[in-house]
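Let me begin by presenting the structure, written as structure tokens, before commenting on it.
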Amino acid sequence: MTETNGARRIDGRRLLVASHNKGKIRELEFLLGGLKMDLVTAGELGLPEPPETGTTFVENARIKALAAATAAGEVALSDDSGLCVEALDGAPGVYTADWAGPDRDWDRAMRLVEEELFKVGARAPEQRRARFVSLLCLAWPDGHTQEYLGEREGTLVWPPRRGPIAYGYDPVFMPEGETRTFGEMNAEEKHGSIWGAPGPLSHRARSVEKLVAAAFPEGIRP
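Using the numbering used here, read the sequence shown as starting at -9 and increasing by one per residue.
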């Protein structure tokens, strides 16, 4: 481990992804796939999911990363992400997954957002502005943490428009400057590339780009 001005860099060849969310894991594996590093998930190690009791993305990301790092005794990476809708005062925000219910029914979640927008009369595109947030937390067993924020602005559409790999709220989120929703894009189109042109498109790609630049030495990068 190396440390500069309080910020640490990873020297190891393995990173623990503190998540049981298959869609999130798939995206992190895609984005970090070029690293010369093995990724292992909390589920593969049999680690439990800690209660997400925080009221901010940072708090929940730290809870998940620190729980995994402490239990496994190694560096862990977590992601707390969500959809923030302007007309709904930032909701669902940190409670994004809760709107999908205990069975994570994302069709239900998207429908709830649309119902709430209908209640406040948000019909026109300029009334349906939203942003996706990805807050990554890197944690060490000794309690040290580092956070990296990625955001993507866009507009909510209805009805949902999806492709074969869409999950979460992707089918209703059309990123700024695009004519398709995230749900209609493949992984390369949604995220871009953190290793070269085209640049990062998604919120998660943008947080990962910051993470890699700050915490991964050149020897681990492609």
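From the three backbone atoms N, C-alpha and C, an ideal C-beta is built for every residue, glycine too. From a predicted model like this one, the values you see are computed outputs, not experimental measurements.
Under the DSSP assignment, LEU128 falls in the beta strand (DSSP E) whose first and last residues are 119 to 129.
DSSP, read as helix, strand or coil, puts SER71 in strand. Per the coordinates, the alpha-carbon of TRP148 lies some 31 Å from the alpha-carbon of GLU199. When DSSP reads this structure, ARG4 sits in a beta bridge with ASP28. In this structure, SER71 lies near PHE122, with their beta-carbon atoms less than 8 Å apart.
Uninterrupted beta strand (DSSP E) stretches at least 3 residues long and entirely within the stretch 154 to 199 occur at 163 to 165, given in chain order. Between VAL7 and ALA32, the CB-CB gap stays under 8 Å. For the 8 Å CB-CB criterion, PRO165 and ASP1 do not form a contact. For the 8 Å CB-CB criterion, ARG113 and ALA77 do not form a contact. Excluding residues up to 5 positions away in sequence, GLY80, GLY83, ALA120, ARG121 and VAL123 lie with their Cβ nearer than 7 Å to the Cβ of CYS74 in the same chain. Contact between the stretch 51 to 68 and the stretch 131 to 139 is present: 3 or more CB-CB pairs across the two stretches fall below 8 Å.
Contact between GLY144 and ASP160 is ruled out by a C-beta separation of about 11 Å, above the 8 Å threshold. The beta carbon of ILE184 sits closer than 7 Å to those of LEU21, PRO190, ALA195, VAL198, GLU199 and VAL202, all from its chain and outside the five residues before and after it, given in chain order. Judged by their CB atoms, LEU128 and PHE47 are not nearer to each other than the 8 Å cut-off. Closest in C-alpha terms to GLU137, from the list LEU67, PRO38 and ASN176, comes LEU67. Excluding sequence positions up to five before and after ASP28, its CB lies within less than 7 Å of the CB of ARG3 and ARG4, all in the same chain and listed in chain order.
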